[in-house]
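In my numbering, the protein residues as written are 64 to 218. All C-beta atoms in this analysis are idealised placements derived from N, C-alpha and C, irrespective of residue type, glycine included. As structure tokens, the structure follows; a few thoughts come after it.
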């Protein structure tokens, strides 16, 4: 009986969280070009609350409000750059999924490549040291014969 109750509670929990995880409906345009612009913009703009989601994927209230704002601005005939500039002025560069390359974002853009380069250099240096150490430890043919003779004597 307890198992059935636990299963029922688990199913209710899974069902409730599934409903909460469903993406909210986005507004659409009758014109396919406007719809494409709208979808492009909400995918390029980051949700200020969720941080790792764009406006298209986020279900937070701020994302819904910003999607509506983008929809309204497109309906008013504003250009994509105007909308993006408005969002950056209001929320900062953080709202852009691909921030512009500037002195403030050099580390963001070039940091991973620099870290990868440093890692490759470290691996190459370590491999060379290991090869040099292995060479130093190898026996000459004369030393190998002496070792074989000593080992045969012990047997």
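query, result
"When the distance is taken between beta carbons, is residue 149 closer than 9 angstroms to residue 141?", "yes"
"In the region 110–160, which residue ranges form an unbroken beta strand (DSSP E) of at least 3 residues, counting only runs that do not cross its ends?", "none"
"For a quick check, are the C-beta atoms of residue 117 and residue 160 less than 9 angstroms apart?", "yes"
"Please report the straight-line C-alpha distance between residue 195 and residue 211, rounded to a whole angstrom.", "24 angstroms"
"The alpha helix (DSSP H) that contains residue 95, what's its start and end?", "95–107"
"Is it buried or exposed for residue 105, if we count other Cβ within 10 angstroms and need 16 for buried?", "buried"
"How many Å lie between residue 178 and residue 157 at the Cα?", "23 angstroms"
"From what residue to what residue does the alpha helix (DSSP H) around residue 163 run?", "Where residue 163 is concerned, there is no enclosing alpha helix (DSSP H), given that its DSSP letter is neither H nor E."
"With burial defined as no fewer than 16 other Cβ atoms inside 10 Å of the residue's Cβ, what is the status of residue 65: buried or exposed?", "exposed"
"Using 8 angstroms for Cβ pairs, my map puts residue 100 next to residue 143. What's the rounded Cβ distance?", "6 angstroms"
"Going by alpha carbons, who is nearest to residue 98 out of 137, 126, 113?", "137"
"What's the gap between the Cα of residue 172 and the Cα of residue 95?", "33 angstroms"
"Ordered along the chain, which non-local residues of its own chain (more than five positions away) have a Cβ less than 8 angstroms from that of residue 189?", "none"
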